Structure formats: C-alpha cells, structure tokens
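A quick write-up on the structure given underneath.
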Amino acid sequence: MNQDRIKEKLSEKFGPDVLQFETGAQMSVLVPPEKIIDMCLYLRDDPELKFDFLSFVGGVDLYPASPRFQIVYQVYSVPYTHRLRLKTRIDETEGNPACIESVCSVWMSANWHERETAEMFGIIFKDHPDPRKLLLPENWQVYPLRKDFPLMGTEEDTPDLPS
Amino acid sequence: MARDLSQRADNRSEIMEINLGPHHPSTHGVFRAIVEIDGEIVINCTPYLGYLHRGFEKTCENKKYHQIIPLTERCDYMGASSNSLAYCLTLEKMLDVEIPERAQVIRVIMAELSRIFSHLFWLGTHGHDVGAMTPLFYMLREREEIMNLFELTAGGRLMPNYIRIGGVAKDLEEGFIERLRAFTEHFDNRVDEYETLLTKNIIYIDRTKGIGVLPLEKAISLGVSGPMMRASGKAWDIRKSEPYCGYERYDFDVPVEYGCDVYSRYLVRVEEMRQSNRILKQAIKLLPEGPILAAAPGKIFPPQQDIYTKMESLIHHFMLVVEGVRLPHGDCYQTIESPRGELGCYIVSDGAPNPYRLKWRAPAFVNLQALPEMTRGCFFADLIAILSSIDIVLAEVDR
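Line by line, the protein sequences are chains A and B. With the first letter of the first sequence counted as 1, position 43 gets the number 421 in this note's numbering; the numbers rise by one all the way through. With the first letter of the second sequence counted as 1, position 399 gets the number 1168 in this note's numbering; the numbers rise by one all the way through.
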C-alpha cells in the first residue's frame, strides 16, 4: 500500500488534526503519547495495514528542546512489505520522569527494545512486563544516551568504567 | 516428550536454578542465562546481557560519519561487510548519491562472501554444540579461503573494512576474480560434503528435530527475522522484498522450511550458502568496468589519483577529512538482509558532521529474545542446541 493511502486511513481513524505526517522517501507519523496504544493496535490489526512486525523502539534525546524525548517505533508489515515510522514526544519535569505506555502487549519484540531505551534515557514504560535494566550495571543511576551525559562518564556516577 | 514429563505431577521435583555463562563455551561469547530447571526440564530461562556492552551508539554520536564504518563492523564480526554496507546505504540514501555499477557488484560479492563466512562458522560451532566435533574442521577450511580473499583485496581478514560511503575503498586486487571463481566452482561440492556429515545423521536429527519450536505467529510478534523466520515457514528476505545494491538483477531462491525447529534452521542456512554461491557466480559474470566511488564532490571522497593531480579534488578531500560530511536534516531507516536477519540502521541528523542519534537494529539482539519462548519445557541439553540455532553474535547483541 502506498504512503498516501496509509495517511488517508490514519487521518480518517484518528482525525486530521491529531496526527502530524512527515512525508518523503520514508513516511513518519507524530502521534500524541496518550494515543500510542490505540495507534499501535490499529496498525497491527487493521486488515489493510497489518503492521505485524516491530523493527525497533528507540529513543532520541532532543535536549534542550521541550518536550525532551522522542520515542521512535519503526514498524513493518510482513504480508504487505510496507514500513512506517511512529514518533511520539514526551517530557520530564522535576520529580516526574518521562513516561509512556509500553507496547509489549501489541508486539512482544518491544520488550528488550523498551528496556534498553528505559535505561539509556531514563524513560518509564508503564505496564512493562519486565522493567529491569538490560545492558547496564544495576547500580547505575545515570542515563548514558542522554545528550548531557559526558562521553567518558564520571568517576562518581560510573565508577565501573575504565578511566 | 520433555513437555509431557514436565506436566506429570508425580515427576515434579524441587526447582533448581542454574547459572549458564557468561564464560561458557556454548554461549558464543559472554552471554549469561539463569535457567530454572525441574530435574532435566527447563521451566524458565532468563537471559542477562550487557557483558560486552561498549556503548556503540553513544560512541557513534561522537564520531564523524567516516569514522564510524570500522566501528559498525565490530558489531557483527562474523558478517562484517554486511554491517558497513547497512551503514553506508543509510548515509547514501540521506545524501542521495548514486553508486556506480561496479561498486554495487563488488558490494554484493563482499556481502555474499560474508554471508557464507558467517554461515560456515555457525554450522561448525553449531555442530560442536550438539556433539558433532568433525564439521568445524571442514568449515574452517573454506572459511580460511574466504579470509584469504578478504585479505587479498581489503587487507583485513575478519573485518575487511572495505565498504565506503559512496562505493568501496579501492578496486579489486589483481587475481581476486580468478580466486573467487575457483572458490565458487568447488564450493557447491563442499556444501554437499557438509551435508553428508549432518543432514541424514540420525544422532543429529534426534538432537534437533522438533526442538526449539517457534511457530510463525510467535516469530513475527517477537520480531524474529532472517533464517529463523524462514525456518518458521515465511519466505521473507529483504534482498527480495526491498532490494538494495541491485539484488533484483540476481537470480536466486529464498529457502524456506516449515519445521520451525532447530533442524529447519540448519537446512535453511545450508541452502542459503548454495544460493549465495549462485549469486557470487552471477556477480562475477556481471562485474562491469568503471569507477568504484560515486562522483559527488563534497560528499564522497574523490578518487586517490585525482587528489594528486587536481586542485579541487585535493580541497574536497581535505575538507572531508577535516570537517567531515554533512548530512541534511532528517532521519532515515535502512535495512539489509544480514546473515542473521533484518539489520537496520536508523540515523537522525541535525546537519552536523556526526550523527545526532544512531540506532542499530541488530538482528541477533532481537532474535535472542525468542530464547525463553523456545526453551520452555525442553531438556536442559536442548537449550544449548536452541541457543546455538539462533546464531547469536554477542558483540552485536550487546553493542
């Protein structure tokens, strides 16, 4: 299915003002964070779209912009071989870490991707079935892929790194 | 049988936790799992990763685009050229440059050689994991030939670091094509030879058939790709569905098996080696003369000869080295079919000479997620066979 048809279908379902489309060689959709589960379920289950395969979930730190974080979901349809990128922006405030619904219930493959994104950016994925750290040491309180994290780490925060 | 045993109440014993790895020969690196077993039967398996985490993505954000190419090859060192190919294709898409014909074919040759290279080593170590010691020695023989080919033209044996943004590093060395032709001519017979070792070996079949079953719906939901997906009955190959590097011009089949088990994965990979060899033979015939780097001044390095003789080329070269290449604002996701599955590179650019964000979609990382699903209810010894059938490269899993 071509991009225009996907765009048409999504605008029809969610209303024209809710979503922002970036068209080009690869289309992406900016979704409000509260709509993410509805959106993913719709993309997966609609017989014309059938985005049944999640390539990855990743984060982008847009520091110092606000909202600070962008979560990217790259989805693919195995039967129709089309791709789509979902983006959503979330922010953190003092005492309130950035938070978004987990999509593990939609695609099982989101599990490790979300765990990695969570520990790297300090984002909480609500209702995640296994919210432990994945790659980093348990005792780290810092989020290395944030833009304000120094490349070499710091002695206090990351004592286990070689200096 | 294992599943039946685990469900009989009178066979229940106290559940024991066993630590597997991180330094265990069958984990192919530093993979660790806590396995809960009831007698011999696996109740649950919890992977623990991160022992080889090098902060690849963070490092990339702090390097110029050209400097990242060798880093990508260190992710999946078994199919090294696939990595730099995925990375360079992403950049070329963003820079919008056309790659010359000759470079395209050379890239296909390198990618297919690295696929055979990776599958050979997989087959050897997989045999080793299930107790067949012999195959490894045969596999290493052919693997050595491929390493010699890499060495001849690129210098590096394990990680050739040969693909560049806009083409390849230098033209093929004299004698490369002859040696490659000799390799492709005898390789099919060699694959037949490997098959005599395992395909009808009753011990091997007993160890692998019906083990580690992953139905197609589960495979799709878990994001499994590559040979594992094809062994679960879906002929999905990115070389066919979204061709890159001119793969649409090559005539090859996508092997598919419906057993969803370890044995099917073995069959798929063996057949893939034959198909890769088919592609190599066609690539040798197809290889045209011409430039090996795209001509895009200011974006792609000029040919070495021009730097010595043309002022503009020297300036472009200097600027690219000192300042790096600047990509337009935006983001791009490009995938290729690596030996392990969908290898993707997602780059966000803010116009600077280094990526604002680089996300590496490593196929082994995602495929490994299927391990707990596949091992539940199997024998502990089968866990090793299942783990090895995923074909993990820990450097890629942990990045």
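The beta-carbon is built from N, C-alpha and C at its ideal position, and this holds for glycine as well. As the structure is a prediction and not an experimental result, all values here were calculated from the model.
- With respect to the C-alpha of B/R1038, the residue from B/G1059, B/R1008, B/V1091, B/R1109 having the closest C-alpha is B/R1109.
- A straight line joining the alpha-carbon of A/P475 with that of A/R524 spans about 13 Å.
- Under the three-pair Cβ rule at 8 Å, the stretch 889-906 of chain B does not count as touching the stretch 1051-1071 of chain B.
- Judged by beta-carbon spacing, B/V1135 lies beyond the 8 Å limit of B/G981, meaning their Cβ atoms are not closer than that value.
- Residues V866, L1062, A1063, I1069 of the same chain have their beta carbon placed closer than 6 Å to that of B/G935, with the five preceding and five following residues left out of the count.
- With a cutoff of 8 Å on beta-carbon distance, A/V450 and A/R463 are scored as near each other.
- Between B/D807 and A/S406, the alpha-carbon positions lie close to 48 Å from each other.
- For B/I812, none of the residues of chain A pass the 9 Å Cβ criterion, the least Cβ distance being about 16 Å.
- Closest by C-alpha distance to B/E805, out of B/C844, B/Q836, B/T1144, is B/T1144.
- When B/D1151, B/I989, B/R1008, B/C1014 are compared, the shortest CA-CA separation from B/G1002 is found for B/I989.
- E1111, G1113, Y1115, V1117, Y1125, R1126, K1128, R1130, F1134, V1135: these are the residues of the stretch 1107-1135 of chain B whose beta carbon lies less than 8 Å from some beta carbon of chain A, given in chain order.
- Less than 8 Å separates the beta-carbon of B/L949 from that of B/L918.
- Spanning the alpha carbons of B/M997 and A/L432 requires a straight line of approximately 16 Å.
- Around the beta carbon of B/P1132, 16 or more other beta carbons lie within 10 angstroms, which makes this residue buried.
- What B/L991 touches in chain A, judged by beta-carbon distance under 9 Å, is W485, M486, S487, N489, going in chain order.
- Contacts between B/S851 and chain A, judged by CB atoms closer than 7 Å, are missing: the closest CB pair is about 16 Å apart.
- If the five residues before and after A/K391 are omitted, its C-beta is found closer than 7 Å to the C-beta atoms of Y420, all from its own chain and listed in chain order.
- In the DSSP assignment, the residues bridged to A/C477 are A/I502.
- Neighbourhood of B/D1167 in chain A, by CB distance below 9 Å: L513, in chain order.
- Residue state for B/A855 is assigned as helix, using DSSP reduced to three classes.
- Counted as a single uninterrupted DSSP element, the beta strand (DSSP E) harbouring B/N788 occupies residues 784-789.
- The beta carbons of B/I1116 and B/T859 sit closer together than 8 Å.
- Interface residue (Cβ-Cβ distance to chain B less than 8 Å): A/G473 is not classified as such.
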